[in-house]
Every structure is written in C-alpha cells, then in structure tokens.
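Read left to right, the sequence shown gives residues 1 to 174 (this note's numbering). Taking it in order: structure first as structure tokens, then the write-up.
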Amino acid sequence: MDNLLSNEKITLRAMEPADIDLIYRWENDPELWTVSDTVAPYSREALMLYIAGSANDIYTNRQLRLMIVLNATGETIGTVDFLNFNPIHNRAELGVYISPAFQGQGLAGETMKVVNRYAAEGLGLRQIYVYVPEDNAASIAMIRRAGFEEVGILQAWIRRGRTYHSAVLLQKVF
Numbered sequence: 001m002d003n004l005l006s007n008e009k010i011t012l013r014a015m016e017p018a019d020i021d022l023i024y025r026w027e028n029d030p031e032l033w034t035v036s037d038t039v040a041p042y043s044r045e046a047l048m049l050y051i052a053g054s055a056n057d058i059y060t061n062r063q064l065r066l067m068i069v070l071n072a073t074g075e076t077i078g079t080v081d082f083l084n085f086n087p088i089h090n091r092a093e094l095g096v097y098i099s100p101a102f103q104g105q106g107l108a109g110e111t112m113k114v115v116n117r118y119a120a121e122g123l124g125l126r127q128i129y130v131y132v133p134e135d136n137a138a139s140i141a142m143i144r145r146a147g148f149e150e151v152g153i154l155q156a157w158i159r160r161g162r163t164y165h166s167a168v169l170l171q172k173v174f
C-alpha cells in the first residue's frame with residue numbers, strides 16, 4: 001500500500017469535519033501548549049472554521065495539517081503539521097503528534113518515513129526542521145532515526161510556567 005501518503009502501517013489524509021472532536025481535544029490539552037505555542041483554548045466553532053477554511057494547499061495557507069490514520073483499524077491517531085512554510089527557501093517546520101494511547105509503538109517512526117517521502121517528493125521541499133524540548137529524549141532519538149541531524153541548541157526557547165527550557169533544533173535536508 002506504499003504511496004506518497006502511506007506505508008503498511010499508517011496513512012496521512014486531509015482533515016475532515018468528522019475530526020472535530022479529536023482536534024478539539026488535542027488542541028485544548030494544556031500539556032501540549034508549550035510545544036504548539038498555544039496560550040488559550042480554542043472553541044469548537046473556531047476549529048470547525050479552521051477545518052472548513054483549510055485549502056490543504058501549503059502555498060496558499062503556508063501550512064498544511066494532515067491526520068495520521070492507523071491502517072489496521074482505521075483509527076485517527078495523530079496529526080502532522082507542516083508550518084511556517086517558506087516557498088522562497090523551500091523549507092517548512094514540522095510538528096508530529098501521536099495520541100498518548102498510541103505512543104511507544106513505533107508509530108511516530110512509521111509516520112516519519114511517510115513524512116520524509118511526502119515532504120521531498122510530494123511537496124518538493126528542500127528541507128524540514130523540528131524544535132524538540134531538550135528533555136524529550138525519546139522524540140529526539142526518533143527524529144534522529146528518521147534521518148534528521150542536530151544543528152543547534154536554542155537556549156531558553158520554550159517557556160513552561162515561569163521557567164524556560166532549551167530546545168534541540170534538528171534538520172533534514174533532501
């Protein structure tokens with residue numbers, strides 16, 4: 001079943017109105033706000049408008065969100081975000097979220113295989129990059145296994161409450 005948006009384990013697909021409950025739950029989880037640059041909850045209506053207004057065109061929106069689907073069950077297990085797309089330099093920031101119930105099963109790594117292929121061949125990107133909190137060793141290791149190289153440490157980059165934490169900047173050049 002391998003194509004640009006899938007492999008044997010997962011498939012990436014566009015957001016659908018039926019995803020509203022998952023997106024609402026994930027976007028409004030304060031535990032995730034430090035890595036998503038969110039400071040307040042989203043209303044269901046705002047998220048519905050976001051889904052409806054998404055052209056699924058990285059050139060139009062300068063971002064693209066795809067849902068991660070587990071092929072074996074059809075369950076939606078997370079999201080992939082291409083953010084801060086720069087068409088001049090052909091690069092985008094990457095965000096990957098796997099729901100806690102599906103973490104630790106190698107599904108982020110499977111997702112990264114598809115993401116790398118889609119970013120290079122489907123979107124024609126020259127590079128993608130990620131910021132990972134320095135204390136998130138599991139994510140850093142997974143991103144490295146996906147072929148990303150550490151290119152720097154961003155000091156005091158992420159605020160959690162009243163303290164600041166460093167982030168590792170990792171980059172993949174195609």
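Here a beta-carbon is modelled for each residue, glycine too, at the ideal position from N, C-alpha and C. Predicted, not measured: the structure shown is a model, and the values here were computed from it.
M112 places its beta carbon less than 7 Å from that of A146.
Per DSSP, reduced to three states, the secondary structure at A55 is coil, with no helix or strand assignment. Collapsing the DSSP output to three states places A120 in a helix. Per DSSP, the beta-bridge partners of I128 are A92 and K172. Rounded to the nearest angstrom, the Cβ distance from S139 to L154 is 15 Å, too far for a contact under 8 Å. When C-alpha distances from M15 are compared across Y129, L64, Q127 and P100, the shortest belongs to L64. Between I10 and E110, the C-beta gap is smaller than 7 Å, which places the two residues in contact. Per DSSP, the unbroken alpha helix (DSSP H) holding A137 starts and ends at A137 to R145. Straight across, the Cα-Cα distance linking I98 with R126 is about 25 Å.
Around the beta-carbon of V39, fewer than 16 other beta-carbon atoms lie within 10 Å, marking it exposed.
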